[in-house]
Amino acid sequence: VSTRDSCIGCVLIVSLVEQLAQVHNSSAQKAMEFLCSYMPEQGGLQGICSLIAELFGPDLIKLLSQNLKADVICYAVKLCKAEPHKPVCHLYEKPMNGLKRTIKQAEKIVRTSNYMQNYKTF
Amino acid sequence: SGVLLKICSLPLFRMICQTIDSSVPAEDYDQDNFSAFPSLRGYHWRGRDCNDINSSIYPGRSPKDWDALQDSNCNGIWGFDPEDGLPYEKKFCEGTDSKGIIILGDSAAAHFHIPPEWMTPLTMSKSSFSNMALAISNEFDWPQFSLYTGFQNSTIGGWTQSLYLRLREWNRCNHRDYQNIARNGGSSENLQKYLKSMARDQQLDKPAIVFYAMIGNDVCNNLPDTLKHMTTPKDMKINVMKQLEYLDMNLPKGSHVILMSLADGRFLWNNLHDRYHPLGQLNKDITYAQFYGFLSCLKSNPCEGWMNKNETIRNLTTERAEQLSSVLREITTSVKFSNFELGYYENLYQKVNAKWERFGGNPWDLLEPVDGFHPNQVASAIGADLIWEEILQKQPEIFGKQNPFNQEIIQQFGDQGGH
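Residue numbers (this note's numbering), protein chains in the order written: chain A, 58 to 179; chain B, 25 to 443.
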C-alpha cells in the first residue's frame with residue numbers, strides 16, 4: 058500500500074477513535090468497537106473494520122493511552138513513513154518535544170508488539 | 025494506481041472498479057447503457073431504463089410509432105386516447121421541442137461528497153454510516169442530487185434543484201432524459217477516455233443540451249511543481265476541439281453544447297484556511313490550512329495550486345484557469361458545427377456566492393466541509409436555478425418552448441412511472 062494513502066487513512070481512523078473515546082469517556086478499545094459497530098454490514102464493511110481493529114488495536118490502545126496524536130501514532134505503526142531528507146508530514150500541531158523525537162518514543166512503545174514483529178518479518 | 029490495482033483484485037471491489045473504468049452501468053442486460061439498477065453508474069447517473077432486456081427501449085429516444093403500444097423512450101407517456109384514437113405521445117409531445125440533458129464533467133458535476141457525519145464523533149451513530157455502501161458504489165458521488173442531473177430529494181443536506189428537473193418541469197415529455205457523464209478527476213485531458221460512454225444515437229434519439237463543465241482539473245494536480253503540469257491553452261484547444269468534433273458526429277441535429285468556464289478556486293483558501301476542518305472541530309486543533317498542508321506534504325493534495333498557503337501560486341493558478349476559459353470562449357465565437365449550436369457560460373460560482381450572500385449566507389457554507397474543495401449541495405441547487413434563469417432569458421431557444429400539455433400529462437400519467 059502506498060505510503061500516502063495508508064497514512065491518510067490511518068490518521069483519519071485513529072483521529073476518529075481518539076475522539077470517540079473522548080466523547081464517550083471510554084477506552085480506545087471500546088471506541089474502536091463503537092466505530093466498527095457503526096459500519097454497515099453491506100459489502101463486508103463491518104468485517105473489514107473489525108479486521109483492522111484486530112490487527113492494529115493492541116498497538117493503538119497502548120499509543121493512545123500515552124496521549125499521542127494520530128499522526129505520531131501512524132508513524133509509529135509504520136502506516137506513515139518519513140522520506141529521507143524530506144519534512145515529516147503532520148496534520149496536528151507539532152508536539153512540544155519535537156515531531157521526530159516523539160515518533161521515536163512512540164516507536165519504542167510498540168517495538169515488541171506482535172504486529173510490529175510481523176511487520177518486520179514481512 | 026498500484027493500490028487501486030490491488031484493491032480492484034478483491035472480489036468486493038471488482039465490479040466497482042470495472043464500472044469506474046468504463047463509466048457505463050454495471051447492470052445493463054440489453055447493453056444500451058441504461059440500467060434499472062440505481063448505483064454502479066445505473067439510474068442515479070442516467071435515466072432509468074424501463075425495459076432492460078430490449079436495447080431499442082431507453083430514455084431519450086424519439087418515440088417509435090408514437091409509443092401507441094409501448095413506452096419506447098421511458099418518459100412514462102404511452103398508449104392512445106380512446107376518445108379520438110390518437111397516441112398520447114403524439115398529442116402531448118409532438119412539436120414540443122423535447123430534449124434531454126447531458127453533462128460531461130468532473131467531480132463537481134458528479135457531485136462528490138463525503139458526509140461530514142462520518143467525521144463527527146460527537147453525533148456519530150450507526151445511522152451516520154447507513155449510506156456508506158451506496159456512496160462507495162457511486163464512487164463517492166451523488167449525481168442523483170447534482171446541479172445538472174439531480175432528481176431525488178437530497179438526503180445530504182440542502183435541497184435538490186437541477187437543470188434536468190427544470191427542463192422536465194418545462195416539458196414533461198423530457199422525463200428521465202438525463203445522462204451524467206462525469207468522473208472524479210475529469211479534465212479536458214482525460215474526457216476522451218469516457219466520452220464514448222455517452223449514449224446518444226444521432227438518427228434515433230432526441231436532441232440534447234450538453235454541458236461541458238471541466239471546472240478545475242486542468243489546473244489542479246497534486247504535484248509540488250503544480251504550475252508546470254497544468255493544461256496549456258494550446259492543449260486545451262486541441263482537447264476541446266477533438267471532443268466537440270466527436271459530439272458533432274454523435275449528437276442529433278438541433279442539439280446545444282454549452283461550455284462552462286473554469287472556477288476561480290481562490291475562493292477555497294480565502295474562505296476556509298482559518299476555519300476548523302470537521303475532524304478538528306471537537307478539540308479545535310485542525311484548520312483547513314493544516315489539512316491542505318498535510319495533503320500537500322504527502323503529495324495527495326487534489327489541487328496544489330489553489331489549496332496552497334502561497335498566494336502567488338494561488339493567483340497564478342487562477343491566471344491559467346482564466347486563460348483556459350478564454351480558450352473556451354474563443355472556440356464558442358469562432359467555430360461552427362453542423363449538428364449543434366455552441367454556447368458559453370461563465371463565472372457560475374461567483375454568481376452563486378453573490379446570490380447566497382444576498383440571502384445572508386456565509387461563503388464557506390457553499391463548500392464541501394470534508395474535502396474543503398468541492399461546491400456543496402446548496403451551491404449546486406442555487407447554481408441550477410441561476411443557469412436556468414440566465415439561459416432562459418438570454419437564449420430561450422436552448423430549452424425550447426414550454427409544453428402547453430404539461431397539466432394534461434400529469435393528469436393522465438401521474439408521476440410518469442417515477443424516476
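From the three backbone atoms N, C-alpha and C, an ideal C-beta is built for every residue, glycine too.
Note that the coordinates shown come from a computational prediction; the quantities given were computed from them, not determined experimentally.
The C-beta of A:Gln79 comes closer than 8 Å to at least one C-beta of chain B.
If you ignore the 5 residues before and after B:Ile415, its C-beta comes within less than 7 Å of the C-beta of Ile422, Phe423, all in its own chain and listed in chain order. The Cβ atoms of B:Leu171 and B:Gly407 sit closer than 8 Å to each other.
Along the region 298-329 of chain B, going in chain order, the ones with a CB nearer than 8 Å to a CB of chain A are Leu303, Leu306, Asn307, Asp309, Ile310, Gln314, Phe315, Phe318, Leu319, Cys321, Leu322, Lys323, Ser324. The region 206-213 of chain B and the region 252-265 of chain B touch, with no fewer than 3 CB-CB distances between them shorter than 8 Å. Two segments are said to touch when three or more pairs of C-beta atoms, one from each, lie closer than 8 Å; by this definition the region 74-91 of chain B touches the region 113-121 of chain B. Contact with chain B is absent for A:Pro141, since none of that chain's Cβ atoms lies less than 8 Å from the residue's Cβ.
For B:Ile239 against B:Ala132, the beta-carbon gap comes to about 6 Å, under 8 Å, which counts as contact.
Taking 8 Å as the cut-off, the Cβ atoms of A:Lys135 and A:Tyr149 do not count as close. With a threshold of 8 Å between beta carbons, A:Pro152 makes no contact with chain B. Of the other Cβ atoms in all chains shown, fewer than 16 fall within 10 Å of the Cβ of B:Gly438; this residue is therefore exposed. Contact between B:Gly209 and B:Tyr188 fails: their C-beta atoms lie close to 23 Å from each other, not under 8 Å.
Taking a Cβ-Cβ cut-off of 9 Å, the neighbours of B:Lys150 in chain A comprise Ser94, Tyr95, Met96, Pro97, given in sequence order. A:His142 sits exposed, since fewer than 16 C-beta atoms from the chains shown fall within 10 Å of its C-beta.
For A:Tyr149, the nearest CB of chain B lies under 8 Å from its own CB, placing it at the interface with that chain.
Between the region 95-102 of chain B and the region 232-249 of chain B there are fewer than three C-beta pairs closer than 8 Å, too few to call the two in contact. As a beta-bridge residue in DSSP terms, B:Pro399 pairs with B:Leu391.
Scanning chain B for C-beta atoms nearer than 7 Å to the C-beta of A:Ser72 yields Leu303, reported in chain order.
Chain A has a Cβ within less than 8 Å of the Cβ of B:Ser154. Among the residues of chain B, those whose CB is under 7 Å from the CB of A:Leu102 are Met156, Ala157, following chain order. Taken in chain order, the unbroken stretches of alpha helix (DSSP H) that lie wholly in the region 179-231 of chain B and span 4 residues or more are 187-194, 215-219. Per DSSP, reduced to three states, the secondary structure at A:Glu140 is coil, with no helix or strand assignment.
The criterion of a C-beta distance shorter than 8 Å is not satisfied by B:Ile433 and B:Ile125. Ranked by Cα distance from B:Lys277, the first of B:Ile77, B:Gln55, B:Ser122 is B:Ser122.
Taking a cut-off of 8 Å on C-beta distances, the region 192-202 of chain B does not touch the region 319-337 of chain B, as fewer than three cross pairs fall below it. Selection B:Glu193, B:Gly384, B:Phe58, B:Leu64 evaluated against B:Cys74 yields B:Phe58 as nearest (Cα-Cα). Residues of chain A whose Cβ lies closer than 8 Å to the Cβ of B:Pro248 do not exist; the shortest such Cβ separation is about 11 Å. B:Pro145 has a beta carbon lying within less than 8 Å of a beta carbon in chain A. For B:Phe136, the three-state secondary structure derived from DSSP is strand.
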